[in-house]
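Asker: Sharing a structure, written as structure tokens. Questions coming.
2 protein chains.
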Amino acid sequence: MLGAMGDMSARLLALLSLLQTPREWPGSELAERLEVSPRTIRRDVDRLRELGYPVQATMGAVGGYRLAAGAAMPPLLLDDEEAVAIAVGLRTAAAHPVEGIDEASVRALAKLEQVLPSRLRHRVGALAAATVPMLAGAEAPVDPRTLVVLAGAAANRERLRFAYRSGDGAETRRLTEPYRLVAAGRRWYLLAYDNDRDDWRIFRADRIGDPHATGVRFPARVPPDQDPAEFVAAKLYSSAPVYEVVATLRLPAGQAAQRLGAAAGSVEPIDDHSCRLRGRADTLEWLASRLLMLGCEFEVHEPPELRAYLRALIARAARASAS
Amino acid sequence: MLGAMGDMSARLLALLSLLQTPREWPGSELAERLEVSPRTIRRDVDRLRELGYPVQATMGAVGGYRLAAGAAMPPLLLDDEEAVAIAVGLRTAAAHPVEGIDEASVRALAKLEQVLPSRLRHRVGALAAATVPMLAGAEAPVDPRTLVVLAGAAANRERLRFAYRSGDGAETRRLTEPYRLVAAGRRWYLLAYDNDRDDWRIFRADRIGDPHATGVRFPARVPPDQDPAEFVAAKLYSSAPVYEVVATLRLPAGQAAQRLGAAAGSVEPIDDHSCRLRGRADTLEWLASRLLMLGCEFEVHEPPELRAYLRALIARAARASAS
DNA sequence: GTCATCTAGGTCAGGTCATGACCTACATGG
DNA sequence: CCATGTAGGTCATGACCTGACCTAGATGAC
Numbered sequence: 001m002l003g004a005m006g007d008m009s010a011r012l013l014a015l016l017s018l019l020q021t022p023r024e025w026p027g028s029e030l031a032e033r034l035e036v037s038p039r040t041i042r043r044d045v046d047r048l049r050e051l052g053y054p055v056q057a058t059m060g061a062v063g064g065y066r067l068a069a070g071a072a073m074p075p076l077l078l079d080d081e082e083a084v085a086i087a088v089g090l091r092t093a094a095a096h097p098v099e100g101i102d103e104a105s106v107r108a109l110a111k112l113e114q115v116l117p118s119r120l121r122h123r124v125g126a127l128a129a130a131t132v133p134m135l136a137g138a139e140a141p142v143d144p145r146t147l148v149v150l151a152g153a154a155a156n157r158e159r160l161r162f163a164y165r166s167g168d169g170a171e172t173r174r175l176t177e178p179y180r181l182v183a184a185g186r187r188w189y190l191l192a193y194d195n196d197r198d199d200w201r202i203f204r205a206d207r208i209g210d211p212h213a214t215g216v217r218f219p220a221r222v223p224p225d226q227d228p229a230e231f232v233a234a235k236l237y238s239s240a241p242v243y244e245v246v247a248t249l250r251l252p253a254g255q256a257a258q259r260l261g262a263a264a265g266s267v268e269p270i271d272d273h274s275c276r277l278r279g280r281a282d283t284l285e286w287l288a289s290r291l292l293m294l295g296c297e298f299e300v301h302e303p304p305e306l307r308a309y310l311r312a313l314i315a316r317a318a319r320a321s322a323s
Numbered sequence: 324m325l326g327a328m329g330d331m332s333a334r335l336l337a338l339l340s341l342l343q344t345p346r347e348w349p350g351s352e353l354a355e356r357l358e359v360s361p362r363t364i365r366r367d368v369d370r371l372r373e374l375g376y377p378v379q380a381t382m383g384a385v386g387g388y389r390l391a392a393g394a395a396m397p398p399l400l401l402d403d404e405e406a407v408a409i410a411v412g413l414r415t416a417a418a419h420p421v422e423g424i425d426e427a428s429v430r431a432l433a434k435l436e437q438v439l440p441s442r443l444r445h446r447v448g449a450l451a452a453a454t455v456p457m458l459a460g461a462e463a464p465v466d467p468r469t470l471v472v473l474a475g476a477a478a479n480r481e482r483l484r485f486a487y488r489s490g491d492g493a494e495t496r497r498l499t500e501p502y503r504l505v506a507a508g509r510r511w512y513l514l515a516y517d518n519d520r521d522d523w524r525i526f527r528a529d530r531i532g533d534p535h536a537t538g539v540r541f542p543a544r545v546p547p548d549q550d551p552a553e554f555v556a557a558k559l560y561s562s563a564p565v566y567e568v569v570a571t572l573r574l575p576a577g578q579a580a581q582r583l584g585a586a587a588g589s590v591e592p593i594d595d596h597s598c599r600l601r602g603r604a605d606t607l608e609w610l611a612s613r614l615l616m617l618g619c620e621f622e623v624h625e626p627p628e629l630r631a632y633l634r635a636l637i638a639r640a641a642r643a644s645a646s
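Chain order of the listed sequences is A and B.
So the first sequence is residues 1 to 323, counted in this note's numbering.
So the second sequence is residues 324 to 646, counted in this note's numbering.
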């Protein structure tokens with residue numbers, strides 16, 4: 001009985017960490033590692049079970065303990081490399097948001113970055129920079145730190161001040177009551193009540209500069225009656241220029257849907273090896289690259305601008321392949 | 324003193340969970356939530372600090388507690404949505420591995436999926452399916468579960484049995500001692516000692532079917548003297564067909580490097596608005612789409628196959644844009 | 001079948017240590 | 001200067017954690 005008590009919490013955490021490993025741990029080995037008697041290990045396992053973490057035990061000569069899936073998430077105990085991997089993954093997820101977990105992934109990123117040791121933070125930055133910007137193309141991706149600040153202020157109901165440059169390049173300072181961060185299409189939008197204009201507004205996150213919470217809490221305001229995501233979608237399609245695309249793909253409908261992903265639009269089968277795609281996007285580059293990368297023959301019916309863009313691409317490729 | 328002790332560990336965990344929130348918590352509020360006296364909260368904070376988690380306290384009338392970045396990663400306490408978001412992020416990270424954190428991201432995914440409640444697992448599956456397969460194009464991405472099994476067996480040093488279909492379509496069963504999972508280029512490879520062939524081999528993870536650990540542990544074998552990643556790279560470039568690309572881009576070198584990412588190859592400036600790209604890739608589709616999506620004029624010098632492929636792409640785009 | 005090896009759990013003694021109550025000291029912003 | 005927050009000392013009480021015994025049951029190797 002050398003170590004004082006008080007380290008029981010630390011021991012439980014260490015135990016949880018060991019049990020999250022894919023292998024099975026015999027009680028004797030756990031006792032040795034944690035420097036307590038096997039009896040105490042058994043009691044600790046019981047304690048974990050009482051806390052709701054289902055420790056599975058296989059009996060017999062090759063038995064051992066391991067943590068199984070339970071009703072609630074246990075605390076994740078990550079080593080340095082795993083933490084960096086998750087941070088990098090979440091940052092690229094923030095650059096290519098998936099609808100449905102948009103704000104949750106930013107919350108998770110905020111949580112992680114808040115406690116990430118600084119030496120690891122450097123590695124995250126370096127690796128995220130080396131990550132292929134994927135389909136971002138020529139557009140500047142959003143700064144993940146901006147997203148973290150926006151989501152934090154919304155969750156915390158703190159007034160938010162930032163500089164906003166609108167589509168025509170004009171830059172204004174805004175004071176807002178942030179309500180929610182929403183991913184629509186492949187962009188991030190902040191839905192907030194604009195205190196100067198006295199109305200609900202949506203702001204593109206990549207156009208927000210230098211955001212910071214003022215520290216002033218505001219009372220919950222009655223949000224617009226629609227679902228936040230729908231509200232943003234409605235505002236977008238009514239204001240921003242959007243291309244509606246109609247194309248025929250020489251690809252079975254199932255494969256097309258799988259390769260395009262759910263957000264691309266609707267895919268209806270024409271026959272066994274063709275289908276019709278209807279969708280919307282806000283840039284021609286995006287549309288063209290998605291279609292070309294399908295790797296199948298296709299025909300564009302709408303919009304005419306896309307056909308023009310494809311012809312420009314042809315010309316470029318022709319010049320590129322000329323000897 | 325109603326609740327028995329023993330819940331001190333649970334309380335510390337709950338406290339840690341609250342402190343990971345972006346906001347600041349006054350001690351009185353924490354005491355109320357956790358149903359203990361403020362004095363106990365102060366002691367708990369001290370305990371956390373002794374455990375190495377730096378709880379920051381701002382003094383004064385608007386003070387409060389929050390968890391700051393420390394020397395080690397504290398246990399991450401995630402709610403359901405955050406866990407799903409991380410799982411989805413890691414799965415897409417597994418589909419587009421970043422060199423340097425390759426095996427760590429799979430380890431993290433294994434850890435998370437081991438304890439992920441089943442109801443959440445369904446949501447992860449659905450969302451991951453809806454995720455845009457990005458640059459995967461026509462190729463079948465690796466099954467994340469396969470990666471998890473491979474990495475687990477390697478970490479655990481368990482013999483691994485699987486079916487392998489080689490490039491020419493032949494399917495064989497293998498018994499191996501897995502050493503490491505490595506990402507090279509944009510693919511996953513397993514470096515393992517093949518027990519039947521008595522030599523080190525590398526296996527493409529997407530060609531591995533139905534892998535399962537036999538449960539038999541094997542003693543550590545002397546690995547090949549190179550670094551695993553280098554070993555894989557050497558084997559690859561000596562055996563697999565690889566295209567070496569040389570192209571001139573009408574884009575400043577800095578921008579090109581940023582848009583292409585570090586793994587694309589080397590970029591040397593020619594003048595202020597042009598640069599030369601040298602790199603290697605194993606499929607023409609990949610090369611062509613990366614170049615076209617740069618959104619700039621470019622000229623391909625090598626290989627001739629890429630020029631031919633671009634001409635085919637031209638033909639397809641021409642047909643697609645024909646009325 | 002038999003034995004080794006693992007989980008599972010009961011009991012007991014001893015003393016550590018967590019708790020709440022009450023206290024003072026100090027920092028901060030209005 | 002006062003309200004409100006963190007920071008920390010002290011004390012009595014008793015809950016409970018620990019290791020050292022013990023038996024029971026399951027499982028796989030020999």
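Ideal Cβ placement from N, Cα and C applies to all residues, glycine included.
Quick caveat: nothing in here was measured; it's all calculated off a predicted structure.
When you compare each of R642(B), L443(B), R524(B) and E620(B) to G70(A) by their alpha carbons, which one comes out closest?
Answerer: By one-based count along the first sequence, residue 70(A) stands at place 70. The option with the nearest alpha carbon to G70(A) is L443(B).
Asker: Is Y376(B) helix, strand or coil by DSSP?
Answerer: Residue numbering aside, residue 376(B) sits at position 53 when the second sequence is read from its first letter. Of the three classes helix, strand and coil, the one that applies to Y376(B) here is coil, per DSSP.
Asker: Take V36(A) as the anchor and find which of M8(A), Q114(A) and R204(A) has the nearest alpha-carbon.
Answerer: To locate residue 36(A), count along the first sequence from 1; it is residue 36. Checking every option, the nearest Cα to that of V36(A) belongs to M8(A).
Asker: Any beta carbon of chain B sitting closer than 7 Å to that of V182(A)?
Answerer: Here residue 182(A) corresponds to residue number 182 of the first sequence, with the count starting at 1. No, no contact with chain B.
Asker: Which two residues bound the contiguous alpha helix (DSSP H) that contains T92(A)?
Answerer: Numbered from 1 along the first sequence, position 92 holds the residue referred to as residue 92(A). Taken as a continuous stretch (DSSP letters only), the alpha helix (DSSP H) holding T92(A) covers D80 to A95.
Asker: Per DSSP, what are the beta-bridge partners of R187(A) in this structure?
Answerer: Counted from its first residue, the first sequence places residue 187(A) at position 187. Its beta-bridge partners are A184(A).
Asker: Mind listing which residues of the region 105-116 of chain A have their C-beta closer than 9 Å to chain B's C-betas, in chain order?
Answerer: S105, V106, R107, A108, L109, A110, K111, L112, E113, Q114, V115 and L116
Asker: Can you tell which of E99(A), V84(A) and M59(A) has its C-alpha closest to the C-alpha of A126(A)?
Answerer: Along the first sequence, one-based indexing puts residue 126(A) at 126. Among E99(A), V84(A) and M59(A), the Cα nearest to that of A126(A) is on V84(A).
Asker: Measuring CA to CA, which of P592(B), E591(B), S597(B) and V565(B) is closest to L574(B)?
Answerer: By one-based count along the second sequence, residue 574(B) stands at place 251. Minimum Cα distance to L574(B) is reached at S597(B).
Asker: If you drop the 5 nearest sequence neighbours on each side, which residues of the same chain put their C-beta closer than 7 Å to that of A580(B)?
Answerer: The sequence position of residue 580(B) within the second sequence is 257, counting from 1. Only V590 meet the Cβ criterion.
Asker: Check for me: the beta strand (DSSP E) holding R540(B) runs from which residue to which?
Answerer: Numbered from its first residue, the second sequence carries residue 540(B) at position 217. Note, R540(B): beta strand (DSSP E), I531 to R540.
Asker: Can you tell me where the beta strand (DSSP E) with G199(A) in it begins and where it stops?
Answerer: Counting from 1 along the first sequence, the entry for residue 199(A) is found at position 199. The amino acid at residue 199(A) is misidentified as Gly; the sequence shows Asp. The continuous beta strand (DSSP E) containing D199(A) extends over residues D199 to R204.
Asker: To the nearest angstrom, how far is the alpha carbon of D199(A) from that of L175(A)?
Answerer: For this step, residue 199(A) is matched to residue 199 along the first sequence. For this step, residue 175(A) is matched to residue 175 along the first sequence. Whole-angstrom Cα-Cα distance: 12 Å.
Asker: Could you tell me the distance, in whole angstroms, from the CA atom of L19(A) to the CA atom of L399(B)?
Answerer: Within the first sequence, numbered from 1, the residue matching residue 19(A) stands at position 19. Within the second sequence, numbered from 1, the residue matching residue 399(B) stands at position 76. Their backbone Cα atoms lie some 15 Å apart in a straight line.
Asker: If you check the beta carbons only, do E103(A) and L181(A) fall under 7 Å apart?
Answerer: Walking along the first sequence from the start, residue 103(A) turns up at place 103. Walking along the first sequence from the start, residue 181(A) turns up at place 181. Yes, they are a contact pair.
Asker: Starting from R468(B), find everything on chain A with Cβ-Cβ shorter than 8 Å and list it in chain order.
Answerer: Residue mapping note: residue 468(B) aligns to position 145 of the second sequence, counting from 1. Those within 8 Å of R468(B) in chain A number zero; the least Cβ separation is about 12 Å.
Asker: Could you tell me whether the Cβ of E404(B) comes closer than 7 Å to any Cβ of chain A?
Answerer: Translated into the one-based positions of the second sequence, residue 404(B) becomes position 81. It does; some Cβ of chain A falls within 7 Å.
Asker: Applying a beta-carbon distance threshold of less than 8 Å, which residues of chain A neighbour I637(B)?
Answerer: Residue numbering aside, residue 637(B) sits at position 314 when the second sequence is read from its first letter. By Cβ distance, chain A contributes I314, A317, A318 and S321.
Asker: What are the start and end residues of the alpha helix (DSSP H) that includes S9(A)?
Answerer: Within the first sequence, the letter at position 9 stands for residue 9(A). That run of the alpha helix (DSSP H) goes M8 to L19.
Asker: A528(B) and P501(B): beta carbons closer than 7 Å?
Answerer: Your numbering for residue 528(B) matches position 205 in the second sequence. Your numbering for residue 501(B) matches position 178 in the second sequence. No.
Asker: Going straight from the alpha carbon of E625(B) to that of P74(A), what length do you get?
Answerer: The residue given as residue 625(B) occupies position 302 in the second sequence. The residue given as residue 74(A) occupies position 74 in the first sequence. E625(B) and P74(A): Cα-Cα distance of roughly 53 Å.
Asker: Roughly how many angstroms lie between the CA atoms of G405(B) and D225(A), to the nearest whole one?
Answerer: Taking the second sequence and counting its residues from 1, one reaches residue 405(B) at position 82. Taking the first sequence and counting its residues from 1, one reaches residue 225(A) at position 225. According to the sequence shown, residue 405(B) is Glu rather than Gly. When rounded, the distance between both Cα atoms is 26 Å.
Asker: Whole angstroms are fine: how far does the CA of R540(B) sit from the CA of L514(B)?
Answerer: Numbered from 1 along the second sequence, position 191 holds the residue referred to as residue 514(B). Numbered from 1 along the second sequence, position 217 holds the residue referred to as residue 540(B). Each residue's alpha carbon lies about 17 Å from the other.
Asker: So, under 8 Å CB-CB, V106(A) and L147(A) are touching, yes? Tell me the CB distance rounded to an integer number of Å.
Answerer: Along the first sequence, one-based indexing puts residue 106(A) at 106. Along the first sequence, one-based indexing puts residue 147(A) at 147. Indeed, because the Cβ distance is near 5 Å, the residues count as touching under 8 Å.
Asker: How many angstroms separate the CA atom of P349(B) from the CA atom of A337(B)?
Answerer: Along the second sequence, one-based indexing puts residue 349(B) at 26. Along the second sequence, one-based indexing puts residue 337(B) at 14. Cα-Cα distance, rounded: 15 Å.
Asker: Alpha carbon to alpha carbon, what distance is there between A395(B) and L116(A)?
Answerer: In the first sequence, the residue the question calls residue 116(A) occupies position 116. In the second sequence, the residue the question calls residue 395(B) occupies position 72. Between L116(A) and A395(B), the C-alpha separation is close to 8 Å.
Asker: Closer than 7 Å, Cβ to any Cβ of chain B: which residues of the region 14-33 of chain A, in chain order?
Answerer: Q20, P22 and R23
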